Amino acid sequence: MRLRFTKQKMATTLATCALLLLAPTSFAEQLKLRMAHYAATNSPVDKAGQEFARLVKERTQGRIAITLFPDSQLGSVEANARDLSRGALDLSLLTPGSLSGLDPLLDIHYLPFIATTNEQVDAIFYNPNGTLQKTVIEALARHRIHTLGFYELEFRAVTNSKRPVEKPEDLNGLKLRVPGSAAIKGFFEATGAQPVIMPFPELFTALQQGTVDGQDNGASLTYESRLFEPQKYMTLLNHVYAFGTFNASDKLWSKLSEEDKKIMTQTAQEVGKRQIEKNRARNDEFLIKLQEAGIKVTRPSAQAYADFAKIGQTVWDKLTPVYGADRIKALRDEVSRAQAD
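FYI, the numbering for the sequence shown is 53 to 393, going by the numbering used here.
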């Protein structure tokens, strides 16, 4: 009886193994990847990540399954970039301007007042042959991080809990959290503010506890991450336009087939383009929500804006040795052409 049971069990096992060997390769070889980012769950950035993961799975017929980790669950932007570089993380949505500690060229697009309208942004920031994209892609590649595409963050604003900011002098003495960006830090230093470099996951608590008086993210991120709760005032300064990148580790990229590389690249670019359109359409909605929450929104006068921009140009001059005279000249030429159109 025991012998018959053993033979029967063995036959069943062999049959199961045979079925597994005949199973579709998409089932046997599914690649499970992790994708991390800093933005709040269901924010515009997170929804772009969700769409990217869904479409990649569909277009690879299930060969690639991506699990998202939003809201800095796997660490800050800086930590995500380090993990990508080491091959310890597969995919991430990064804000290059926060990564000047990794490479000083990564915050070149944070130079003040590169663009002041969406039309100028499209001509300068989303030009694949332009200075900004080429510089960011090349800098990330040096750290074993492959760029798939770009998406929009927004024009940055200034919020604080102390007073309305209507002119440069109003920033004097304010402690403002800034990302790890020499360009943004330099701009606020030039206005007389006290910039404090701090990882984004620490910001809300720092605002609550009064460690900093304010910060400089735009309406979308300020609302979705609840940064407005400890704040009273917002100034639509538009001193910096920020974009983000879809990224893969070189370790992952080297493992993918040419077909899957093409799918992931095209999907990132397609999703990024849609995210930009949606983000711009919702910007006014976020401003209304912030005002409904009690935030006083200020728009600087034309003269004040010109004064802010004049200060911004001193940062370009100061950081020319960092970014390179050739890059700065090329970028200035692109800005002049965009302004003339």
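Even glycine gets a Cβ: it sits at the ideal position worked out from N, Cα and C.
Remember, predicted model here, so these are calculated numbers, not experimental data.
One alpha carbon belongs to R111, the other to G101, and they sit about 15 Å apart. Under the DSSP definition of a beta bridge, L85 partners with I118. Contact between the stretch 157-171 and the stretch 267-279 is absent: fewer than 3 CB-CB pairs across the two stretches fall below 8 Å. Where Q343 is concerned, there is no enclosing beta strand (DSSP E), although the alpha helix (DSSP H) around it starts and stops at 310-344. For T257, the enclosing alpha helix (DSSP H) begins and ends at 255-261. Under the three-state reduction of DSSP output, G270 falls in the coil class, being neither helix nor strand. With a cutoff of 8 Å on beta-carbon distance, D135 and A92 are scored as not near each other.
P352 counts as buried, since at least 16 other C-beta atoms from the protein chains shown sit within 10 angstroms of its C-beta. An exposed status is given to N181, since fewer than 16 other beta-carbon atoms sit within 10 Å of its beta-carbon. Judged by their CB atoms, D268 and R196 are not nearer to each other than the 8 Å cut-off. In the displayed model, H198 falls within a strand according to three-state DSSP. Bridge partners of I249 according to DSSP: V230.
With the rule of 3 Cβ pairs closer than 8 Å, the stretch 169-186 does not count as touching the stretch 112-119. Straight through space, the alpha carbons of L83 and D312 are spaced by roughly 11 Å. Only exposed fits S309, as fewer than 16 other CB atoms lie within 10 angstroms of its CB.
One Cα belongs to S137, the other to Q355, and the distance between them is close to 45 Å.
In terms of Cβ geometry, E204 and N331 form a close pair [threshold 8 Å].
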